[in-house]
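Chemist:
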Amino acid sequence: CESEGGKETLQADAVVFAVGMGALKAFSKAPELAAHAEFRRLANLRGTDVLATRLFLDGEVTPPYSANACWGFDDKVGMTFFDLKTLHAPAHASEPGAVIEIDYYHANALLALSDADMVAKAKRDLDTMVPAARGRTVVDAAVVRLPQAVNWYFPGSYASCPQTRSEAIENVFFAGDVVRDLGHGSWSQEKAFVAGLAAANAVQGRSLLEEVIPVKADEAHVALGRTAMRGVRSALRSVGLPAPSLADFLW
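Below, the structure is given as structure tokens:
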């Protein structure tokens, strides 16, 4: 690593890459790591831009759920919005009104907006999604721009994702929702948390999911859907046709 005095070597028993796809792609360019095929594959990965807004309102607003997925305001931009008073209780209990976070994904076209314009847009979007918010005023806000910060999964990216234990370097490990061998069932932020526990277990020579709470079994309708989809894919492959992916429905 670089320091004021030049290059510095830090001794470590283990190294955990707890970063996303964008950072892993950057690491893959280091000559020492690029000597290994495992790290060269990371160059296939990529991140997507995120813009996070947090609105402090002058009165209470109750979204449908504590976490809500949505889209449709901007072309190719996905969104989630969160009721932080519920999710982070009791951290915001002293606030006089609702605390709502609205995150925009694949937000390349929004990053250039000023903070004031972005706050105004987020409030307009919230008013559309939660009509009760129209009578509330923003008393404080924060905007954070995160270029290439969230993993961008695409057809074929799975093969380039790392496993928890490095295939090439004995004392190197990976954590985050980018790992592909977790076998837990969680996803996104929850998977990243579980992957961190798994990496810690791996460093200590334990099984990856030791003392990790498993995901509850699928509800009946979800299990039925999974079984049906596996049957469709198997039938299509048997006659030489490609199985459908999520990308077929998005583009």
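Per this note's numbering, the sequence shown runs over residues -7 to 243. Virtual Cβ for every residue (Gly too), placed ideally from N, Cα, C.
With DSSP collapsed to three states, give me the class of Y57.
Modeler: Reduced to three states, the DSSP call for Y57 is coil.
Chemist: Does F143 pass the burial test, meaning 16 or more other C-beta atoms within 10 Å, or should it be called exposed?
Modeler: Here residue 143 turns out to be Asn, not Phe, going by the sequence shown. Buried.
Chemist: Taking DSSP as the reference, what is the three-state secondary structure of K(-1)?
Modeler: Here K(-1) sits in strand by DSSP.
Chemist: So G39 is in the beta strand (DSSP E); what residue range does that whole segment cover?
Modeler: Segment 39 to 49, the beta strand (DSSP E) holding G39.
Chemist: In terms of residue numbering, what span does the alpha helix (DSSP H) encompassing L76 cover?
Modeler: From DSSP, the alpha helix (DSSP H) with L76 extends over 76 to 79.
Chemist: Just to confirm, is the Cβ distance from G14 to Q196 under 7 Å?
Modeler: Contact: no.
Chemist: Let me know the secondary structure DSSP gives Y97 once reduced to three states.
Modeler: In the structure shown, Y97 sits in a strand (DSSP, three-state: E or B).
Chemist: Go through its chain and collect everything with a Cβ distance to V174's Cβ below 8 Å, but skip five positions before and after it.
Modeler: In the sequence as displayed, the identity of residue 174 is Leu instead of Val. Cβ within range, chain order: T156, K183, V186, A187, A190, L200, L201.
Chemist: Quick check on S226: buried or exposed, where buried means 16 or more other Cβ atoms within 10 Å of its Cβ?
Modeler: By the neighbour-count rule (16 or more Cβ atoms within 10 Å), S226 is not buried but exposed.
Chemist: Measure the alpha-carbon distance for P55 versus T219 and round it to whole angstroms.
Modeler: Answer to the nearest angstrom: the Cα atoms are 33 Å apart.
Chemist: Can you give the Cα-Cα distance for F250 and S58, rounded to whole angstroms?
Modeler: Nothing about residue 250 can be read from this structure; the chain reaches only from -7 to 243.
Chemist: Tell me, which residues are paired with I92 by DSSP?
Modeler: In DSSP, I92 forms a bridge with L47, D75.
Chemist: Assuming contact is defined by CB atoms lying nearer than 7 Å, are A125 and L118 in contact in what I supplied?
Modeler: Yes; because the gap between Cβ atoms is below 7 Å, this pair is in contact.
Chemist: Would you mind sorting M71 into buried or exposed? The rule is 16 or more other CB atoms within 10 Å of its CB.
Modeler: Buried.
Chemist: Taking the straight line between their C-alpha atoms, what separation do you get for S86 and K115?
Modeler: So the alpha carbons of these two residues sit roughly 22 Å apart.
Chemist: Secondary structure at F166, three-state DSSP: helix, strand or coil?
Modeler: If DSSP states are grouped into helix, strand and coil, F166 belongs with the strands.
Chemist: Alpha carbon to alpha carbon, what distance is there between D107 and M221?
Modeler: Looking at the two C-alpha atoms, the distance is approximately 44 Å.
Chemist: Using CA atoms only, rank isn't needed, just tell me which of A61, R38, A212 is closest to S20.
Modeler: It is R38.
Chemist: What residue range is occupied by the uninterrupted alpha helix (DSSP H) comprising R33?
Modeler: R33 -> alpha helix (DSSP H) spans 29 to 33.
Chemist: Below 7 Å between beta carbons: does that hold for L102 and L49?
Modeler: No, the pair does not count as a contact, with Cβ atoms beyond the cut-off.
Chemist: Can you give the Cα-Cα distance for R12 and E162, rounded to whole angstroms?
Modeler: The sequence shown places Gly at residue 12, not Arg. Their Cα atoms are separated by approximately 21 Å.
Chemist: For the alpha helix (DSSP H) containing R116, name the first residue and the last one.
Modeler: Counting along the chain, the alpha helix (DSSP H) containing R116 begins and ends at 107 to 121.
Chemist: I need the straight-line Cα distance from F31 to H176, nearest angstrom please.
Modeler: Their Cα atoms are separated by approximately 24 Å.
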